[in-house]
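Colleague:
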Amino acid sequence: MLAKRLKTILPELSIEEAIEITKIYSISGELKKDGLITNRPFRMPHHTIPLNTIIGGGKIPKPGEISLAHYGVLFLDEIPEYSRNILEALREPLENKEIIINRLSGNYVFPCNCIFIASMNPCPCGNYGDEEKECKCTQLEIHKYLKKISGPLLDRIDMHIEVKRPKYEKLFAKAKSETSLEMRDRVNIAREIQKKRYKNYNIYSNSELNSKMIEEFCKLDGKSQIILEKAFEKLKLSARAYGKILKVARTIADLEEKENIEYRHIAEAIQYRSFDKKYDN
Amino acid sequence: MIIEYCSKLYPEKLRKIENPPSRLYVLGNEKILNDNAISVVGSRTNTRYGEKMCKLFTKGLVEYNINIISGLAIGIDEIAHKTCLENGGKTIAVLPSGLNNIYPSKNKELAKEILNNGGILISEYEPNTEANSKKFLERNRIVAGLGLGTLVVEAGYRSGTRVTVKYTVEQGKKVFCIPSNLDNIKGKSTNELIRKGAILVTKVDEIIEEYKDIEFTKKEIVHKDIFLNIPKELHNIYKILNEKPKDMNEIILLSGESVNEVNYKLMLLEMEGLIKELPGQRYIKGIN
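Residue numbers (the numbering used here), protein chains in the order written: chain A, 19 to 299; chain B, 276 to 563.
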């Protein structure tokens with residue numbers, strides 16, 4: 019439910035983005051009506067999907083689900099149910115934001131710059147870590163279940179967040195919450211800041227920063243550096259995680275409309291890597 | 276303040292030891308020096324088990340209105356001091372250096388808190404003296420001397436704790452040891468001491484029973500938050516957490532802070548090793 023709602027807070031499409039999406043839908047024969055696609059796509063392929071349909075392929079290659087989600091959202095529900103080869107095949111395209119399909123007749127490059135979202139349970143029975151319901155899984159079962167998501171794939175996911183079973187009357191009645199519309203306004207502002215910042219670099223958002231740009235745009239002060247160093251030592255993060263944390267911190271700073279990344283932004287970004295913290299994957 | 280040997284304020288228990296310091300430099304509440312006190316000592320590199328036991332026993336002793344004596348070192352010493360303060364007890368720190376040179380400097384904050392909470396710092400050295408290894412051992416006779424007995428929480432094979440125990444025995448006082456697993460290298464000395472005749476204790480009452488001629492009064496523990504080396508901005512969150520796991524939503528509600536603030540603060544606390552995250556986004560105060 020949460021993932022589906024994400025669509026409502028995504029920034030508006032620019033005209034260039036809309037044209038690109040429409041082109042992809044057009045060549046894959048998915049265009050339902052004439053004219054431009056004006057909404058960001060939300061793709062949610064079922065876990066029985068064959069590899070070619072998700073990555074793209076066929077005799078005359080057609081874009082797969084990841085390309086159809088270009089500038090939108092690709093959502094894999096219950097990610098451990100997907101076969102290993104699908105999940106591992108997602109690694110490079112998620113990193114490079116494009117997928118190259120080689121055929122005798124030539125190489126096809128499809129873009130796939132999407133937001134990748136996946137959901138899963140903490141264990142096969144779904145109650146691990148729950149206060150009320152008892153988890154009946156053995157440690158081995160839990161370990162096996164979590165191991166279905168390989169370290170390299172997990173590494174490519176910017177934020178890992180655990181959500182509790184909601185207790186509506188107790189928790190949400192009192193807590194003040196932001197509406198999707200308000201959120202979307204904030205997202206739009208942050209997006210504008212990023213567009214302005216990167217206007218000479220031919221990219222739109224923080225997620226597209228390469229390592230050289232990270233050095234330039236994600237400068238850290240002394241305090242942030244110490245926190246990051248400590249986190250690396252403690253969580254044994256990879257080099258890729260380093261870039262991810264900086265990008266997320268940059269985004270948090272943008273959402274607060276702050277010029278520079280502050281230590282609290284870094285700390286918050288690290289907090290969102292809960293898998294690295296808990297499950298030693 | 277200086278307390279000379281001939282002064283009325285000079286602690287009676289210390290007067291009786293073989294080689295008493297001729298004068299004591301003290302800072303803080305000197306009235307507590309003659310109160311009932313137990314020395315709690317142990318390894319500087321304790322295990323989690325050691326920490327847990329140290330907390331448990333210190334709290335229990337404070338409940339019986341007993342002051343805690345230790346050496347302000349890292350490890351068991353600081354845990355004993357801190358736990359004592361957290362439970363509203365009074366604690367005595369015997370320094371291996373002059374009062375102007377608090378050693379280790381990491382525990383300066385702790386020293387300050389000890390003074391703020393009616394405790395006292397003691398040294399037999401001139402205020403500007405620096406600590407050295409000889410003094411670490413020398414001061415142990417004062418640690419032993421001020422107490423009714425010594426409780427050893429965890430001690431490795433070669434340890435300054437053994438010296439404290441030696442002094443305790445020489446002074447004719449009782450040595451209590453908390454047993455450890457045989458494969459715990461930090462439990463080597465404690466287990467050996469038990470074998471040689473130290474009193475094995477499994478709960479605080481067993482210490483109390485050894486002092487039949489003293490009447491201890493039990494008091495209600497009032498928990499106190501002690502923020503050591505914790506930046507002020509994190510106090511609010513730290514205060515909410517305790518030994519019982521609390522989940523993220525609860526923390527957000529109780530703190531009244533925004534989601535991102537709580538997130539970054541929890542992260543900082545976790546990096547400092549002050550709290551721990553459990554599966555299911557739950558947090559506990561932590562085992563450092």
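Note that beta-carbon positions come from the ideal geometry of N, C-alpha and C, so glycine has one too.
Give me the subset of the region 262-276 of chain A whose CB atoms are less than 8 Å from a CB atom of chain B, sorted by chain position.
Modeller: Those would be Ile-270, in chain order.
Colleague: From which residue to which residue does the beta strand (DSSP E) around Ile-367 (chain B) run?
Modeller: Note, Ile-367 (chain B): beta strand (DSSP E), 366-369.
Colleague: Tell me which residues share the same chain as Ser-137 (chain A) and place their Cβ nearer than 6 Å to its Cβ, disregarding the 5 neighbours each side in the sequence.
Modeller: Answer for Ser-137 (chain A): Asp-95, listed in chain order.
Colleague: When you check each C-beta in the region 77-102 of chain A against every C-beta of chain B, which residues fall closer than 8 Å?
Modeller: Result list empty, no residue passes.
Colleague: Just mark Arg-437 (chain B) as buried or exposed, buried being the case when its beta carbon has 16 or more other beta carbons within 10 Å.
Modeller: Counting Cβ neighbours within 10 Å, Arg-437 (chain B) comes out buried, since at least 16 surround it.
Colleague: Mind the definition here: the region 478-490 of chain B touches the region 332-351 of chain B only if three or more C-beta pairs lie below 8 Å; say whether that holds.
Modeller: Because the criterion of three Cβ pairs below 8 Å is met, the region 478-490 of chain B and the region 332-351 of chain B touch.
Colleague: Does DSSP put Ile-284 (chain A) in a helix, in a strand, or in coil?
Modeller: In this structure, Ile-284 (chain A) counts as helix in the three-state DSSP scheme.
Colleague: Roughly how many angstroms separate the alpha carbons of Ile-160 (chain A) and Gly-555 (chain B), rounded to a whole number?
Modeller: Ile-160 (chain A) and Gly-555 (chain B): Cα-Cα distance of roughly 14 Å.
Colleague: Using the beta-carbon of each residue, which ones in chain B are nearer than 9 Å to Lys-252 (chain A)?
Modeller: What Lys-252 (chain A) touches in chain B: Glu-545, Met-546 and Gly-548.
Colleague: Taking a cut of 7 Å between CB atoms, which residues from the region 480-512 of chain B lie near chain A?
Modeller: Hits within the stretch: zero.
Colleague: Quick one: using the 10 Å Cβ neighbour count with 16 as the cut-off for buried, is Ser-168 (chain A) buried or exposed?
Modeller: Under this definition Ser-168 (chain A) is an exposed residue.
Colleague: Residue range of the alpha helix (DSSP H) that Pro-382 (chain A) falls in?
Modeller: Summary: the structure shown does not reach residue 382 (chain A), with chain A confined to residues 19 through 299, and so no result is reported for it.
Colleague: Please list the residues of the region 125-157 of chain A that have a C-beta atom closer than 7 Å to any C-beta atom in chain B, keeping them in chain order.
Modeller: Under the 7 Å Cβ criterion, the region 125-157 of chain A contributes Pro-140, Tyr-146, Gly-147 and Asp-148.
Colleague: Could you name the residues of chain B that Gln-289 (chain A) contacts, counting a contact when the two beta carbons are closer than 7 Å?
Modeller: Here the neighbours are Asn-538, Tyr-539, Leu-541 and Met-542.
Colleague: Say whether chain A places a C-beta atom closer than 7 Å to the C-beta of Pro-217 (chain B).
Modeller: As displayed, chain B neither begins before 276 nor continues past 563, which places residue 217 (chain B) out of reach and without an answer.
Colleague: For Lys-25 (chain A), which residues in the same chain have their Cβ closer than 7 Å to its Cβ, ignoring the five residues on either side in sequence?
Modeller: Excluding residues within five positions, the ones whose Cβ falls inside 7 Å are Arg-58, Phe-60 and Val-91.
Colleague: Using only CA atoms, which one of B:Glu-401, B:Leu-385 and B:Ile-351 lies nearest to Met-276 (chain B)?
Modeller: Of B:Glu-401, B:Leu-385 and B:Ile-351, the residue nearest in Cα terms is B:Glu-401.
Colleague: Which residues in the same chain have their Cβ closer than 7 Å to the Cβ of Met-328 (chain B), if we skip the five residues on either side of it in sequence?
Modeller: Once the five neighbours on either side are set aside, the close Cβ partners of Met-328 (chain B) are Val-428 and Ile-453.
Colleague: Check the Cβ of Ile-245 (chain A) against every Cβ in chain B and list those closer than 9 Å, keeping chain order.
Modeller: Neighbours of Ile-245 (chain A) on chain B, chain order: Met-542, Leu-543 and Met-546.
Colleague: Counting C-beta neighbours from all protein chains within 10 Å, is the total for His-356 (chain B) 16 or more, i.e. buried, or is it exposed?
Modeller: Counting Cβ neighbours within 10 Å, His-356 (chain B) comes out buried, since at least 16 surround it.
Colleague: Where do the ends of the beta strand (DSSP E) carrying Thr-425 (chain B) lie?
Modeller: Here the beta strand (DSSP E) through Thr-425 (chain B) covers 424-427.
Colleague: Hey, is Asn-517 (chain B)'s beta-carbon within less than 7 Å of any beta-carbon in chain A?
Modeller: It does not: the Cβ of Asn-517 (chain B) has no partner Cβ on chain A nearer than 7 Å.
Colleague: When the cut-off is 7 Å and only beta carbons count, does Arg-204 (chain A) lie next to chain B?
Modeller: Closer than 7 Å: no.
Colleague: For Val-497 (chain B), I'd like the list of residues in its chain whose CB is within less than 8 Å of its CB, leaving aside the five on either flank, ordered along the chain.
Modeller: Same-chain partners within the cutoff: Asn-362 and Gly-363.
Colleague: When the cut-off is 7 Å and only beta carbons count, does Lys-115 (chain A) lie next to chain B?
Modeller: Chain B, which has no Cβ nearer than 7 Å to the Cβ of Lys-115 (chain A), makes this no.
Colleague: Would you tell me roughly how many angstroms separate the C-alpha atoms of Thr-66 (chain A) and Arg-23 (chain A), rounded to the nearest one?
Modeller: Their backbone Cα atoms lie some 24 Å apart in a straight line.
Colleague: Using a threshold of 7 Å, state whether the C-beta atoms of Ile-55 (chain A) and Pro-63 (chain A) are closer than that.
Modeller: Against a cut-off of 7 Å, the Cβ pair of Pro-63 (chain A) and Ile-55 (chain A) comes out as no contact.
Colleague: Residue ranges of each beta strand (DSSP E) run of no fewer than 3 residues wholly in the region 180-244 of chain A, ordered along the chain?
Modeller: Within the region 180-244 of chain A, no complete beta strand (DSSP E) run reaches 3 residues.
Colleague: Taking Cβ positions, are Ser-46 (chain A) and Lys-80 (chain A) nearer each other than 7 Å?
Modeller: In contact: Ser-46 (chain A) and Lys-80 (chain A) (Cβ atoms closer than 7 Å).
Colleague: Relative to the C-alpha of Pro-371 (chain B), which candidate in B:Gly-346, B:Gln-446 and B:Asn-309 has its C-alpha closest?
Modeller: Out of B:Gly-346, B:Gln-446 and B:Asn-309, B:Gly-346 has the C-alpha closest to the C-alpha of Pro-371 (chain B).
Colleague: If you count every other CB in all the chains shown that lies within 10 Å of the CB of Glu-293 (chain B), and 16 or more means buried, which is it?
Modeller: That one is exposed.
Colleague: With three or more C-beta pairs closer than 8 Å as the rule, is the region 229-239 of chain A touching the region 528-545 of chain B?
Modeller: The region 528-545 of chain B, when compared against the region 229-239 of chain A, does not touch it at the 8 Å Cβ threshold.
Colleague: Based on the DSSP secondary-structure assignment, which residues constitute the bridge partners of Val-91 (chain A)?
Modeller: Per DSSP, A:Phe-60 and A:Ile-133.
Colleague: Strictly below 8 Å CB to CB, what residues from chain B border Glu-159 (chain A)?
Modeller: Chain B residues near Glu-159 (chain A): none, gap ~14 Å exceeds 8 Å.
Colleague: Against Asp-310 (chain B), what residues of chain A qualify as contacts under a CB-to-CB distance less than 8 Å, listed in chain order?
Modeller: Near Asp-310 (chain B) there are no residues of chain A at all, since even the closest Cβ is about 41 Å away, more than 8 Å.
Colleague: Pick from B:Glu-326, B:Ile-343, B:Gly-325 and B:Lys-334: whose alpha carbon is nearest that of Asn-309 (chain B)?
Modeller: For the residues B:Glu-326, B:Ile-343, B:Gly-325 and B:Lys-334, the minimum Cα distance to Asn-309 (chain B) belongs to B:Ile-343.
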